[in-house]
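J.:
Residue numbers (our numbering): 18 to 281.
So this is what it looks like as structure tokens:
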């Protein structure tokens, strides 16, 4: 009974990412200024959730066992390790020339061609948020299983900040592929990584998972998201020639995610 309730809450938190993804159904294919704004928005979302939520949470948890300064040093080290992992992952993703050379990179039957640069950014953004959602789902499931009241509060908080994450995925995917359905679907699937990852961890790894391990994973993923924001999203936003829109999106992403983090 408690397990079913915990899984339900975890699924609801994940589905809120898909809710944010539905925004692509409301407007026509975004223009350059909208893409500049959305890239900045995605960068603001990732930077804020990493620096204002994920890393401070890890420091607080580690401080209980190792003191404040060692906890901060350990968290920062894990964050740097995440950045190095992101650098390696970035090199595994095809560059713009490789994407453009693929058969699906060209127009077919009058359909606008896939935008290689936007597609690369969309792939990197989606991968980073999926990685972020995995430990988040594990945390939600275990918390809800141990304390339904605390789990409900945590679910609300996560759902609020998952909505802008869904927007950050769906808009670039829609722009890159010219498909509203694909944009919304990618956002939904990234959110479903929360219950999927949580179930896998619960049944296969629960004897190995500890608060220290889980929070270390969160700090590492924070590093990945910081790197993606600085290396991919914000530069891609500037590449559209609408610098002010990218900066505006960055500010909007920071504000939206801050409200999601601190509202509950």
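Glycine is no exception: its CB is placed at the ideal position from the N, C-alpha and C atoms.
How long is the line joining the alpha carbons of residue 126 and residue 97, rounded to whole angstroms?
T.: Here residue 126 refers to the residue found at position 109 of the chain shown. Here residue 97 refers to the residue found at position 80 of the chain shown. Unreliable positioning characterises residue 126 in this predicted model, as indicated by a pLDDT of 46, which lies under 50. The coordinate reading is nonetheless provided below. Taking the straight line from one Cα to the other gives about 46 Å.
J.: Keeping to the same chain, check which residues put their C-beta closer than 7 Å to that of residue 148; ignore five residues upstream and five downstream.
T.: Here residue 148 refers to the residue found at position 131 when the chain shown is read from its first residue. 238, 241, listed in sequence order.
J.: How many angstroms separate the CA atom of residue 228 from the CA atom of residue 78?
T.: Your numbering for residue 228 matches position 211 in the chain shown. Your numbering for residue 78 matches position 61 in the chain shown. The straight-line gap from Cα to Cα measures roughly 8 Å.
J.: Tell me whether residue 195 sits in a helix, a strand or coil according to DSSP, three-state version.
T.: To locate residue 195, count along the chain shown from 1; it is residue 178. Three-state result, residue 195: coil.
J.: Looking at residue 99 and residue 152, is the spacing between their C-beta atoms short of 9 Å?
T.: Indexing the chain shown from 1 puts residue 152 at position 135. Indexing the chain shown from 1 puts residue 99 at position 82. No, the Cβ-Cβ distance between residue 152 and residue 99 is not below 9 Å.
J.: The alpha helix (DSSP H) that contains residue 255, what's its start and end?
T.: Position 238 of the chain shown, counted from the start, is the residue given in the question as residue 255. Run containing residue 255: 251-255, per the alpha helix (DSSP H) assignment.
J.: Considering residue 230, what are the terminal residues of the alpha helix (DSSP H) in which it resides?
T.: The sequence position of residue 230 within the chain shown is 213, counting from 1. Looking at the DSSP string, the run of the alpha helix (DSSP H) that includes residue 230 is 228-245.
J.: Could you tell me the boundaries of the alpha helix (DSSP H) in which residue 63 lies?
T.: Here the question's residue 63 lines up with position 46 in the chain shown. Taken as a continuous stretch (DSSP letters only), the alpha helix (DSSP H) holding residue 63 covers 49-66.
J.: Mind reading off the beta-carbon distance from residue 204 to residue 37? Whole number of angstroms is fine, and I expect it under 8 Å.
T.: Walking along the chain shown from the start, residue 204 turns up at place 187. Walking along the chain shown from the start, residue 37 turns up at place 20. Right, their Cβ atoms sit about 6 Å apart.
J.: If the criterion is Cβ atoms closer than 9 Å, does the pair residue 216 and residue 21 meet it?
T.: Looking up residue 216 in the chain shown gives position 199. Looking up residue 21 in the chain shown gives position 4. Taking 9 Å as the Cβ cut-off, residue 216 and residue 21 do not qualify as a contacting pair.
J.: Along the chain, where does the alpha helix (DSSP H) that runs through residue 97 open and close?
T.: For the purposes of this step, residue 97 is identified with residue 80 of the chain shown, where counting begins at 1. Start and end: 85-109.
J.: Residue range of the alpha helix (DSSP H) that residue 272 falls in?
T.: Taking the chain shown and counting its residues from 1, one reaches residue 272 at position 255. Counting along the chain, the alpha helix (DSSP H) containing residue 272 begins and ends at 260-279.
J.: So residue 65 and residue 157 are supposed to be a Cβ contact under 8 Å. How far apart are they, rounded?
T.: Here residue 65 is taken as the residue at index 48 of the chain shown, counted from 1. Here residue 157 is taken as the residue at index 140 of the chain shown, counted from 1. Incorrect: roughly 19 Å between the Cβ atoms, too far for contact.
J.: Here's a check: name, in chain order, each residue in its chain whose Cβ is nearer than 8 Å to the Cβ of residue 249, leaving out the five neighbours to either side.
T.: Start at 1 with the first residue of the chain shown, and residue 249 comes out as number 232. Excluding sequence neighbours, residue 249 sits near 107, 137, 138, 141, 142.
J.: Sort 43, 265, 30 by Cα distance to residue 198 and report the nearest one.
T.: Translated into positions along the chain shown, residue 198 becomes position 181. Considering only alpha carbons, the answer is 43.
J.: Under the assumption that residue 54 contacts residue 192 (Cβ atoms under 8 Å), give the Cβ distance between them as a whole number of angstroms.
T.: Your numbering for residue 54 matches position 37 in the chain shown. Your numbering for residue 192 matches position 175 in the chain shown. Actually they do not touch by this definition, with Cβ atoms about 11 Å apart.
J.: Measure the Cβ-Cβ separation of residue 246 and residue 146 and say whether it is below 9 Å.
T.: One-based indexing of the chain shown puts residue 246 at position 229. One-based indexing of the chain shown puts residue 146 at position 129. Contact: no.
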